[in-house]
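Below is one structure; the comments refer to it alone.
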Amino acid sequence: MDKKIKYIIVALVSLGVLGVVGTSYFAFKSKNKTKNNSEIVNTLPDDKKSTIQERVDYSDIKNKDGNSIKKEEKGSMVNSDVAIYENNKLILGNGDKEYPNDKAKKLLGQLKLYASNIEYDKIINAVRPYINDYRFSLGDNQEIATMYNDASLMLSIKLASDSAKGTIAKAMRNVEMKAVGSLMLPELSREELIIDQNSLTPIISGKPVIVSNEVINLNDKSKIKEEDKEKVEDIIENCDKLLSLHKLTLNLDKKNKVSAYMVCNLDGTVDIYGFYALNGAKTPYQTVAYWKEINKKIAEVS
Numbered sequence: 001m002d003k004k005i006k007y008i009i010v011a012l013v014s015l016g017v018l019g020v021v022g023t024s025y026f027a028f029k030s031k032n033k034t035k036n037n038s039e040i041v042n043t044l045p046d047d048k049k050s051t052i053q054e055r056v057d058y059s060d061i062k063n064k065d066g067n068s069i070k071k072e073e074k075g076s077m078v079n080s081d082v083a084i085y086e087n088n089k090l091i092l093g094n095g096d097k098e099y100p101n102d103k104a105k106k107l108l109g110q111l112k113l114y115a116s117n118i119e120y121d122k123i124i125n126a127v128r129p130y131i132n133d134y135r136f137s138l139g140d141n142q143e144i145a146t147m148y149n150d151a152s153l154m155l156s157i158k159l160a161s162d163s164a165k166g167t168i169a170k171a172m173r174n175v176e177m178k179a180v181g182s183l184m185l186p187e188l189s190r191e192e193l194i195i196d197q198n199s200l201t202p203i204i205s206g207k208p209v210i211v212s213n214e215v216i217n218l219n220d221k222s223k224i225k226e227e228d229k230e231k232v233e234d235i236i237e238n239c240d241k242l243l244s245l246h247k248l249t250l251n252l253d254k255k256n257k258v259s260a261y262m263v264c265n266l267d268g269t270v271d272i273y274g275f276y277a278l279n280g281a282k283t284p285y286q287t288v289a290y291w292k293e294i295n296k297k298i299a300e301v302s
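Heads up: the sequence shown begins at 1 in full-length UniProt numbering, then just goes up one per residue.
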């Protein structure tokens with residue numbers, strides 16, 4: 001599918017769903033506001049510039065002939081990738097000024113508490129009073145925007161048919177909320193959200209609890225933990241728009257811990273690569289491939 005059309009579909013899904021909980025205030029950043037890629041890079045915070053430079057220095061990007069490309073060419077490609085990300089990130093609010101940083105940190109902490117308790121309506125109610133006067137697009141405010149978006153989507157999923165739940169959940173953009181939210185879906189609805197067919201697809205009775213959220217350093221392979229190396233190599237090979245990678249540790253049913261590898265893409269979207277048992281421990285959960293085969297057999301006899 002053409003990428004531009006794909007972005008429009010995602011935007012329309014989000015906008016249509018938000019009507020369930022109130023007026024929509026989301027917009028994708030307009031491409032005509034961007035003069036060139038270097039202009040975007042120069043306006044990024046220092047930590048983002050540093051990350052970009054590390055990608056130029058360490059990333060082994062090859063051309064179509066399989067040869068490593070020059071640093072200058074690589075830098076141009078990375079700058080272009082940043083432009084893609086900036087032009088497609090989610091922005092919340094109608095105001096001309098950003099919601100204040102000091103207040104944003106406090107609000108974000110409050111929203112994370114609500115999210116951990118699956119209280120999506122409280123996320124909406126906590127943010128809504130500010131979206132007419134402020135803009136949420138940078139730093140903590142950007143995460144607030146994704147949490148508001150995802151809370152709206154999760155509320156709408158309650159009213160959707162099982163066949164539509166997975167499609168709606170695809171539009172989620174917050175790493176932690178998408179991981180937890182996917183586990184709240186029926187198993188069949190969840191299949192289209194998980195990339196790796198050998199991933200576990202846990203069917204649980206309780207509330208998932210996030211124990212940790214680690215950002216894996218993709219720019220320096222020596223810093224990648226031994227336990228993550230094989231999975232990281234698979235992700236790099238299979239996710240061609242990978243921008244950053246999170247590894248979550250979740251406690252399921254109060255006794256089973258799993259890791260979730262969450263892929264943040266250059267177009268601002270987030271994918272679930274998969275859920276896996278920690279350190280090879282046994283769990284009662286089956287894989288995506290297992291359930292697909294079971295569901296296929298059920299469909300054949302029904």
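Built from N, CA and C at the ideal position, the CB exists for glycine as well.
Other residues of its chain near residue i: CB distance less than 8 Å, five sequence neighbours each side excluded
i	result
LEU278	THR249, LYS257, VAL258 and SER259
GLU192	GLY166, THR167 and LYS170
ASN198	GLY274, THR287, VAL288 and ALA289
ASN265	CYS239, LYS241, LEU242, LEU243 and ASP271
Helix, strand or coil at residue i according to DSSP, with G and I counted as helix
i	result
ASN238	helix
GLY274	strand
ASN141	helix
TYR114	helix
GLU119	coil
THR43	Residue placement at THR43 is flagged as unreliable, the pLDDT there being 45, under the threshold of 50; the coordinate-derived value follows with that caveat. Of the three classes helix, strand and coil, the one that applies to THR43 here is helix, per DSSP.
LYS97	strand
LYS173	Reading off the sequence, residue 173 comes out as Arg, not Lys. Three-state result, ARG173: coil.
TYR285	coil
residue 303	Given a span of 1 to 302 for the chain in the structure shown, any question on residue 303 remains unanswerable.
MET184	coil
VAL21	Its pLDDT being 37, under 50, VAL21 is placed unreliably by the model, and nothing is read from it.
LEU155	helix
ALA260	strand
ASN279	helix
GLY189	The question names Gly, but residue 189 in the sequence shown is Ser. It is helical.
LYS35	The pLDDT assigned to LYS35 is 35, lower than 50, so where the model puts this residue is not dependable; a value taken from the coordinates is nonetheless given after this. If DSSP states are grouped into helix, strand and coil, LYS35 belongs with coil.
LEU107	helix
LYS292	helix
SER163	helix
LYS221	helix
LYS247	strand
ASN213	strand
Expected contact under 8 Å - CB spacing of residue i and residue j to nearest Å
i	j	result
LEU245	TYR261	7 Å
ARG135	GLY95	5 Å
ILE123	TYR130	Contact doesn't hold; Cβ gap of about 13 Å is too wide.
residue 354	ILE210	The question about residue 354 has no answer here: the residues shown for the chain are numbered 1 through 302.
ASN174	GLU143	7 Å
ILE204	ASP162	About 17 Å separates the two Cβ atoms, so there is no contact after all.
TYR99	LEU155	Not quite, the Cβ-Cβ distance comes to about 22 Å (not below 8 Å), so this is no contact.
VAL263	ILE235	6 Å
ASN295	LEU188	6 Å
Counted within 10 angstroms of its Cβ, other Cβ atoms place residue i as buried (16 or more) or exposed
i	result
LYS165	buried
ASP150	buried
LYS35	Legend: pLDDT at LYS35 = 35, less than 50; position of this residue unreliable, value from coordinates given subsequently. So LYS35 ends up on the exposed side.
ASN117	exposed
ALA104	buried
ASP220	exposed
ASP133	exposed
LYS297	exposed
PRO284	exposed
ASP240	exposed
LYS231	buried
ASN238	exposed
SER302	exposed
SER212	exposed
SER152	buried
GLU300	exposed
Option nearest residue i by Cα separation, candidates the options
i	options	result
LEU107	ASN94, GLY139 and ASP96	GLY139
ASN251	ALA126, VAL180 and LYS97	VAL180
LYS112	SER137, LYS89, THR146 and ASP271	THR146
MET172	GLU293, LEU159, LEU90 and LYS207	LEU90
LEU185	SER212, ASP196 and ILE157	ILE157
THR269	LYS296, GLU98, TYR99 and MET177	MET177
residue 307	LYS255, LEU266 and VAL301	A question about residue 307 goes unanswered here, because the residues of the chain that appear run from 1 up to 302.
TYR276	ASN141, ASP196 and LYS97	ASP196
Residues near residue i in its chain [Cβ-Cβ closer than 6 Å; skip 5 each side]
i	result
GLU214	LYS247
GLU293	none
GLY93	TYR25, ILE131, TYR134, ARG135 and PHE136
LYS97	none
Cβ of residue i within 8 Å of any chain C Cβ
i	result
ILE294	The structure shown has no chain C; it contains just one protein chain.
Chain-order list of residues whose beta-carbon lies under 7 Å from that of residue i (same chain, five-residue window excluded)
i	result
GLN110	ALA126
THR23	Interpretation of THR23 is limited by its pLDDT of 36, a score under 50 that renders its predicted location unreliable; no figure is taken from the coordinates.
ASP228	ILE216 and LYS247
ARG190	GLY166, SER182 and THR201
LYS207	ILE118
beta-carbon residue i near the ligand NAP non-hydrogen atom, thresh 7 Å
i	result
LYS122	Among the ligands in the structure shown, none appear at all, so the ligand NAP cannot be discussed.
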